[in-house]
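Below you'll find the structure, written out as structure tokens, and then a few comments.
In full-length UniProt numbering, the protein residues as written are 1 to 612.
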């Protein structure tokens with residue numbers, strides 16, 4: 001996420017990042033945002049914090065991945081994995097062509113894995129709504145099995161396959177595979193034609209679900225569902241007249257709501273049917289769908305600037321409704337689904353749904369509101385959708401193709417002291433400007449490969465493999481577990497999900513936490529994340545880091561440490577001359593009266609002593 005290039009230093013990072021745990025991580029890894037709408041700004045930083053929570057270190061083989069739920073669910077993949085971005089989009093932002101071309105065979109394999117869901121007679125793919133992660137939809141309620149039923153030819157799977165085909169074609173072109181490029185451009189075009197022919201309802205002006213079974217006439221579902229906007233997410237439609245579909249987002253009988261959009265139109269007989277029970281996609285407002293719809297709106301506004309159905313003001317109002325959705329009890333919050341008309345989360349299971357990572361928001365702010373449009377070449381396009389009355393806004397040091405992009409608008413020049421107007425900086429240098437808010441295209445130069453660290457955390461064992469390292473302690477609070485402090489996850493303080501070890505209520509004056517590597521290994525780099533709930537668990541005033549010699553515990557000599565942090569879950573780094581041992585332990589005093597200390601994570605990193 002961070003750029004290898006130098007950027008600007010215009011915004012007050014300490015002010016903007018105050019209150020975030022492990023502030024140095026955010027300084028290094030996220031773009032700073034400063035805008036007049038402080039609700040959008042607050043949720044922006046909150047969503048970065050929740051995204052950081054979902055970065056799971058899986059082990060030395062695969063490293064980090066992004067999870068969906070904080071704690072993996074029984075029906076999910078190991079570590080709770082979720083595909084967070086298409087490889088082609090990663091390439092557009094990072095400029096790492098070698099990586100994405102290297103994944104070409106896997107992308108083709110993934111694409112062809114859906115062959116058994118393809119109808120050659122229609123030229124479309126079929127899907128069951130629940131496999132779209134959209135169970136209990138209007139389409140599935142039309143079947144005999146509201147949860148598993150409703151198999152049909154849906155805008156969802158066909159849009160995803162179209163987007164994948166276009167991406168594969170572009171990646172093949174990067175790799176010089178012209179035959180593969182032509183094949184997948186042809187597949188994409190055939191799919192686009194079939195979607196238009198079979199899934200567009202010309203009467204209701206909307207893309208809809210077509211039932212696969214018991215549908216001899218080939219009729220379309222009577223209900224408009226929010227997923228009908230997905231073709232525009234991948235810029236599939238070519239006919240500008242179809243943009244009338246977006247009028248439904250502003251129609252009180254369509255998808256409009258105070259905390260929306262709704263997932264089914266209000267005029268449907270299935271609207272909010274059985275919605276008090278989880279997990280209905282027949283009306284409740286799901287951030288997953290909202291963020292997709294906002295992306296579709298962004299594309300329409302950028303691709304069809306002369307159309308009459310949507311304006312930048314409409315986009316801002318939709319984004320702001322999405323922001324209002326992401327609060328609970330006055331604090332930023334995201335779970336699974338929100339009531340469309342009431343200020344409450346409907347599907348919000350305790351110790352399950354908190355900080356749910358199943359939607360975008362940061363992307364909608366950066367690519368939509370601020371208008372940073374990634375390109376595959378050596379340029380970037382900036383075309384903000386911000387309100388005309390805003391006197392200022394800035395996003396600083398967006399990592400892009402190995403460069404650093406800063407965008408700022410200052411009507412009078414008095415806010416940022418960089419002059420009047422809209423300005424785009426590349427690697428700290430002014431690259432483009434204009435007097436008014438509008439489109440700017442600037443050169444960024446060739447992509448610069450971002451160095452990939454060769455370091456690995458050798459202690460992470462989130463799956464509790466009996467052959468991998470394990471942890472134990474002199475005392476453990478009954479609510480906690482030493483193994484949680486080597487599971488590769490660090491959750492923010494204050495949520496019920498538990499990824500920590502603590503000595504809370506320990507009778508001992510001091511306690512120790514031990515990591516057993518099972519075999520002797522050379523180590524020289526330890527990172528500790530002390531947990532502090534401002535109550536019964538506090539960051540210790542001091543600590544010792546020791547290693548096992550084979551018959552005694554000895555303090556590791558010549559340690560170089562960063563300061564003990566003052567906030568929970570901030571990183572403490574310790575490096576030292578390499579030692580060979582099978583065990584390390586950290587020992588610290590308890591504060592007394594049952595107040596203990598704790599760790600959210602204990603890490604041992606190999607190959608280097610980087611304190612940066």
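For every residue, glycine included, the Cβ atom is placed at its ideal position computed from N, Cα and C. Note that the coordinates shown come from a computational prediction; the quantities given were computed from them, not determined experimentally.
Task: Cβ pair count under 8 Å reaching 3, the stretch 471 to 478 against the stretch 325 to 332 - done: Verdict: no, contact absent.
Open item on the list: Taking the alpha-carbon of residue 135 as reference, which of 275, 412, 588 has the nearest alpha-carbon?
Closed with: Nearest to residue 135 by alpha-carbon distance, out of 275, 412, 588, is 275.
TODO: Hey, could you find the ends of the beta strand (DSSP E) residue 591 is sitting in?
DONE: Note, residue 591: premise wrong, no beta strand (DSSP E); not H, not E.
Task: CB of residue 604 within 8 Å of CB of residue 565, strictly - done: It is not a contact, given that the beta carbons lie outside the stated cut-off.
Open item on the list: If I follow the unbroken beta strand (DSSP E) through residue 65, where does it start and stop?
Closed with: Bounds of the beta strand (DSSP E) holding residue 65 are 64 to 66.
Task: residue 597 versus residue 513 - alpha carbon distance - done: Rounded to the nearest angstrom, the gap between the Cα atoms of residue 597 and residue 513 is 10 Å.
Open item on the list: Once DSSP output is grouped into helix, strand and coil, what is the label at residue 432?
Closed with: The answer is strand: DSSP assigns residue 432 an E or B state.
Open item on the list: Let me check understanding here. Comparing Cα to Cα, which of 359, 322, 360, 149 lies closest to residue 343?
Closed with: Comparing Cα-Cα distances from residue 343 to each of 359, 322, 360, 149, the minimum goes to 322.
TODO: Check whether the Cβ atoms of residue 382 and residue 375 sit closer than 8 Å, and answer yes or no.
DONE: Cβ atoms of residue 382 and residue 375: not closer than 8 Å.
Task: For residue 406, three-class secondary structure by DSSP - done: Under the three-state reduction of DSSP, residue 406 is assigned to strand.
Open item on the list: So, with DSSP's three-state summary, where would you put residue 119?
Closed with: Looking at residue 119 - three-state DSSP - the assignment turns out to be strand.
Open item on the list: Would you call the stretch 55 to 64 in contact with the stretch 430 to 439, where contact means no fewer than 3 C-beta pairs closer than 8 Å?
Closed with: No, the stretch 55 to 64 does not touch the stretch 430 to 439.
- [ ] List the DSSP bridge partners of residue 206.
- [x] Partner(s): 201.
TODO: List the endpoints of the continuous beta strand (DSSP E) containing residue 600.
DONE: Note, residue 600: beta strand (DSSP E), 598 to 604.
- [ ] Measure the CB-CB distance between residue 195 and residue 299 and report whether it falls below 8 Å.
- [x] 8 Å or more divides the Cβ of residue 195 from the Cβ of residue 299.
Open item on the list: Just to confirm the assignment, what range does the beta strand (DSSP E) spanning residue 47 have?
Closed with: Annotation: residue 47 is outside any beta strand (DSSP E); the continuous alpha helix (DSSP H) that includes it extends over 38 to 53.
Task: Sequence-distant residues of its chain with Cβ nearer than 6 Å to residue 48 (five each side left out) - done: Short of 6 Å from the beta carbon of residue 48, and not among the five residues preceding or following it, lie these beta carbons of its own chain, in chain order: 30.
- [ ] Compute the Euclidean distance between the alpha carbons of residue 404 and residue 7, then round it to the nearest angstrom.
- [x] Residue 404 and residue 7 have their C-alpha atoms spaced approximately 5 Å apart.
TODO: Please go through the same chain and pick out, in chain order, the residues whose beta-carbon is closer than 6 Å to the beta-carbon of residue 247, but skip the five residues on each side of it.
DONE: Answer for residue 247: 309, listed in chain order.
Open item on the list: Less than 8 Å between the beta carbons of residue 50 and residue 334, yes or no?
Closed with: Yes, Cβ-Cβ distance for residue 50 and residue 334 is below 8 Å.
TODO: Measuring alpha carbon to alpha carbon, tell me which of 560, 235, 213, 244 ends up nearest residue 202.
DONE: Selected option, being the one with the closest Cα: 244.
Task: N- and C-terminal bounds of the alpha helix (DSSP H) containing residue 106 - done: The continuous alpha helix (DSSP H) containing residue 106 extends over residues 104 to 112.
Open item on the list: According to DSSP, residue 527 sits in a beta bridge with which residue or residues?
Closed with: Per DSSP, 573, 603.
- [ ] Taking only the alpha-carbon atoms, compute the straight-line gap between residue 354 and residue 72 and give it to the nearest angstrom.
- [x] A straight-line Cα-Cα distance of about 13 Å links residue 354 and residue 72.
Open item on the list: Suppose the cutoff is 6 Å on Cβ atoms and the five residues either side in sequence are ignored; what does the same chain contact list for residue 56 look like?
Closed with: Hits under 6 Å: 65, 67, 79, 488, 489.
Task: Residue range of the beta strand (DSSP E) that includes residue 309 - done: If you look at residue 309, you'll find it isn't in any beta strand (DSSP E); DSSP assigns it neither H nor E.
- [ ] Compare the C-alpha of residue 220 against each of 351, 139, 268, 364 and name the closest.
- [x] Checking every option, the nearest Cα to that of residue 220 belongs to 139.
Open item on the list: At the level of alpha carbons, what is the spacing between residue 429 and residue 407?
Closed with: Annotation: residue 429 to residue 407 spans about 11 Å, alpha carbon to alpha carbon.
- [ ] Measure the alpha-carbon distance for residue 639 versus residue 503 and round it to whole angstroms.
- [x] Past the boundaries of the shown model lies residue 639; the chain is included only from 1 to 612, so the question cannot be answered.
TODO: Would you kindly work out how many angstroms separate the C-alpha atoms of residue 338 and residue 176, rounded to a whole number?
DONE: Using only the alpha carbons, I get a separation of about 47 Å.
- [ ] Report the option in 468, 349, 377 whose CA atom is closest to the CA atom of residue 96.
- [x] Comparing Cα-Cα distances from residue 96 to each of 468, 349, 377, the minimum goes to 377.
Open item on the list: Here's a check: name, in chain order, each residue in its chain whose Cβ is nearer than 6 Å to the Cβ of residue 84, leaving out the five neighbours to either side.
Closed with: In this predicted model, residue 84 has a pLDDT of only 37, less than 50, meaning its place in the structure is not dependable; the value taken from the coordinates is given anyway. Setting aside the 5 residues that flank it on each side, residue 84 is surrounded in the same chain by 66, each with a C-beta closer than 6 Å to its C-beta; the list follows chain order.
- [ ] Closer than 6 Å by C-beta to residue 461: which residues in its own chain qualify, once you throw out the five before and the five after it? Chain order, please.
- [x] Shown here for residue 461: same chain residues with a beta carbon closer than 6 Å to its own, the five before and five after excluded, namely 468, 469, 486 in chain order.
Open item on the list: Is the beta carbon of residue 449 closer than 8 Å to that of residue 494?
Closed with: In this structure, residue 449 does not lie closer than 8 Å to residue 494 by Cβ.
Task: When 576, 550, 529 are compared against residue 600, the one with the closest alpha-carbon - done: With distances taken between CA atoms, residue 600 lies nearest to 529 out of 576, 550, 529.
- [ ] Flag this pair as touching only if the stretch 112 to 125 and the stretch 257 to 264 have three or more C-beta atom pairs under 8 Å; answer yes or no.
- [x] Fewer than three beta-carbon pairs drawn from the stretch 112 to 125 and the stretch 257 to 264 are found closer than 8 Å, and the two stretches are therefore not classed as touching.
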